[in-house]
Amino acid sequence: DQQVKQNSPSLSVQEGRISILNCDYTNSMFDYFLWYKKYPAEGPTFLISISSIKDKNEDGRFTVFLNKSAKHLSLHIVPSQPGDSAVYFCAASARYSGAGSYQLTFGKGTKLSVIP
Amino acid sequence: DVKVTQSSRYLVKRTGEKVFLECVQDMDHENMFWYRQDPGLGLRLIYFSYDVKMKEKGDIPEGYSVSREKKERFSLILESASTNQTSMYLCASSTQTSGRDWQFFGPGTRLTVL
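Pasting the structure below:
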């Protein structure tokens with residue numbers, strides 16, 4: 001059973017426009033969420049995270065929004081650039097829930113293509 | 117700057133061979149992880165370790181084993197490689213220090229089993 005779902009396998013956006021990547025989760029114990037970016041033939045790199053005590057976290061062109069009641073988070077990239085073309089993975093952990101494991105559960109990823 | 121290195125970028129092995137994938141991190145991280153990435157399936161956790169000589173099964177441990185004899189090194193072992201183990205293998209590490217505990221990934225090893 002998938003606990004972290006990224007329902008869009010791919011997304012195409014024009015350069016300069018906003019990219020919105022979505023992620024849903026089912027496990028109520030998740031309290032920390034991360035986005036990773038992955039280029040082909042490279043390992044994923046950490047992009048941005050958000051704790052469940054917040055509903056928004058911003059870092060430059062990247063903003064993550066968390067809606068706990070809907071168990072939904074989204075990553076906004078504004079403005080989108082061709083170099084943002086990559087696979088984006090959503091991940092979640094039960095960091096503050098006493099599990100103590102720091103284990104991450106990943107979604108299947110969304111491939112973003114930013115068209116010049 | 118955290119560095120996670122993996123012994124090979126590309127590896128080709130034959131069915132039935134014993135395969136060792138090595139991972140080394142240089143930031144004194146307590147936690148280390150092995151994942152495999154397959155198209156349409158995302159990243160799936162194979163094994164992880166919170167301490168030297170300690171290991172825990174992830175979601176798909178069948179056909180794999182691990183070894184952590186030193187804190188900086190975490191090895192993934194395929195006892196008898198099979199074609200369905202052809203995949204991209206990713207190693208990651210993280211610290212238990214609060215606020216800096218996201219996982220850092222190595223570059224990956226693309227393993228092909230013929």
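In the order they appear, the protein sequences are chains G and S. Going by the working numbering, the letters in the first sequence line up with residues 1 to 116, in that order. Going by the working numbering, the letters in the second sequence line up with residues 117 to 230, in that order. All residues carry an ideal CB built from backbone N, CA and C; glycine is no exception. In this text, all values refer to a predicted model and were calculated from it rather than measured experimentally.
Item to check | DSSP beta-bridge partners of residue 27 of chain G | outcome: In the first sequence, counting from the first residue as 1, residue 27 of chain G sits at position 27. Bridge partners of residue 27 of chain G: none, in fact.
Checklist entry - For a contact meaning CB atoms closer than 7 Å, what does residue 164 of chain S contact in chain G? => result By one-based count along the second sequence, residue 164 of chain S stands at place 48. Within chain G, the residues near residue 164 of chain S are 103.
Checklist entry - Where do the ends of the beta strand (DSSP E) carrying residue 168 of chain S lie? => result Numbered from 1 along the second sequence, position 52 holds the residue referred to as residue 168 of chain S. It is not in any beta strand (DSSP E) - residue 168 of chain S carries neither H nor E in the DSSP assignment.
Item to check | Start and end residues, beta strand (DSSP E) containing residue 72 of chain G | outcome: Residue 72 of chain G sits at position 72 when you count from the first residue of the first sequence. Note, residue 72 of chain G: beta strand (DSSP E), 72-77.
Item to check | chain B contact for residue 81 of chain G (CB, 9 Å cutoff) | outcome: The structure shown contains no chain B; its protein chains are G and S.
Checklist entry - Does the beta carbon of residue 9 of chain G come closer than 9 Å to any beta carbon on chain S? => result As a position in the first sequence, residue 9 of chain G is number 9, starting the count at 1. Chain S contact via Cβ: present.
Next on the checklist: Cβ closer than 7 Å: which chain S residues qualify as neighbours of residue 108 of chain G?
Outcome noted: Locating residue 108 of chain G in the first sequence gives position 108, where the first residue counts as 1. Near residue 108 of chain G (Cβ distances below 7 Å), the residues of chain S are 156, 157, 158.
Next on the checklist: Rounded to whole angstroms, what is the Cα-Cα separation between residue 36 of chain G and residue 165 of chain S?
Outcome noted: Taking the first sequence and counting its residues from 1, one reaches residue 36 of chain G at position 36. Taking the second sequence and counting its residues from 1, one reaches residue 165 of chain S at position 49. Straight-line Cα distance between these residues: approximately 21 Å.
Checklist entry - Between the C-alpha atoms of residue 125 of chain S and residue 66 of chain G, what's the straight-line distance to the nearest angstrom? => result The count along the second sequence starts at 1 and reaches residue 125 of chain S at position 9. The count along the first sequence starts at 1 and reaches residue 66 of chain G at position 66. Distance between the alpha carbons of residue 125 of chain S and residue 66 of chain G is about 36 Å.
Checklist entry - Whose C-beta lies closer than 6 Å to the C-beta of residue 129 of chain S among residues of the same chain, with five residues either side of it excluded? => result Taking the second sequence and counting its residues from 1, one reaches residue 129 of chain S at position 13. Within the same chain, residue 129 of chain S has close Cβ partners 135, 197, 229.
Next on the checklist: So, under 8 Å CB-CB, residue 1 of chain G and residue 71 of chain G are touching, yes? Tell me the CB distance rounded to an integer number of Å.
Outcome noted: Looking up residue 1 of chain G in the first sequence gives position 1. Looking up residue 71 of chain G in the first sequence gives position 71. Not a contact, Cβ separation roughly 14 Å.
Checklist entry - Since residue 225 of chain S is in the beta strand (DSSP E), which residue starts that stretch and which ends it? => result Counting from 1 along the second sequence, the entry for residue 225 of chain S is found at position 109. It spans 225-229 - the beta strand (DSSP E) in which residue 225 of chain S sits, taken as one unbroken run.
Item to check | Under 9 Å by beta carbon: chain G residues contacting residue 141 of chain S | outcome: Translated into positions along the second sequence, residue 141 of chain S becomes position 25. Correct list: empty, because the minimum Cβ distance to chain G is about 12 Å.
Next on the checklist: Suppose you measure from the CA of residue 222 of chain S to the CA of residue 92 of chain G; what does that come to, to the nearest Å?
Outcome noted: For the purposes of this step, residue 222 of chain S is taken as residue 106 along the second sequence, with counting starting at 1. For the purposes of this step, residue 92 of chain G is taken as residue 92 along the first sequence, with counting starting at 1. Whole-angstrom Cα-Cα distance: 20 Å.
Checklist entry - Should residue 44 of chain G be labelled buried (16 or more other beta-carbon atoms within 10 Å of its own) or exposed? => result Counting from 1 along the first sequence, the entry for residue 44 of chain G is found at position 44. Buried is the call here.
Checklist entry - Going along the chain, which residues of the stretch 187-211 of chain S sit with their C-beta nearer than 7 Å to a C-beta in chain G? => result 206, 210
Checklist entry - Whose Cβ in chain S lies nearer than 8 Å to the Cβ of residue 42 of chain G? => result Position 42 of the first sequence, counting from 1, holds the residue named residue 42 of chain G. Going along chain S in sequence order, the residues near residue 42 of chain G (Cβ under 8 Å) are 223, 224.
Item to check | residue 154 of chain S in three-state terms, based on DSSP | outcome: By one-based count along the second sequence, residue 154 of chain S stands at place 38. Residue 154 of chain S: strand per DSSP, three-state reduction.
Checklist entry - Any idea what DSSP makes of residue 213 of chain S, helix, strand or coil? => result Here the question's residue 213 of chain S lines up with position 97 in the second sequence. Residue state, collapsed to three classes: coil.
Item to check | Collapsed DSSP secondary structure at residue 7 of chain G in the structure displayed | outcome: Numbered from its first residue, the first sequence carries residue 7 of chain G at position 7. Correct three-state label for residue 7 of chain G: coil.
Next on the checklist: With a threshold of 9 Å between beta carbons, is residue 182 of chain S in contact with chain G?
Outcome noted: Working through the second sequence from its first residue, we reach residue 182 of chain S at position 66. By this cut-off, residue 182 of chain S is not an interface position.
Item to check | Which of helix, strand or coil DSSP assigns to residue 55 of chain G | outcome: The residue given as residue 55 of chain G occupies position 55 in the first sequence. If DSSP states are grouped into helix, strand and coil, residue 55 of chain G belongs with coil.
Next on the checklist: Would residue 203 of chain S and residue 153 of chain S qualify as a contact pair, given that the criterion is a beta-carbon distance under 9 Å?
Outcome noted: Residue numbering aside, residue 203 of chain S sits at position 87 when the second sequence is read from its first letter. Residue numbering aside, residue 153 of chain S sits at position 37 when the second sequence is read from its first letter. Contact: yes.
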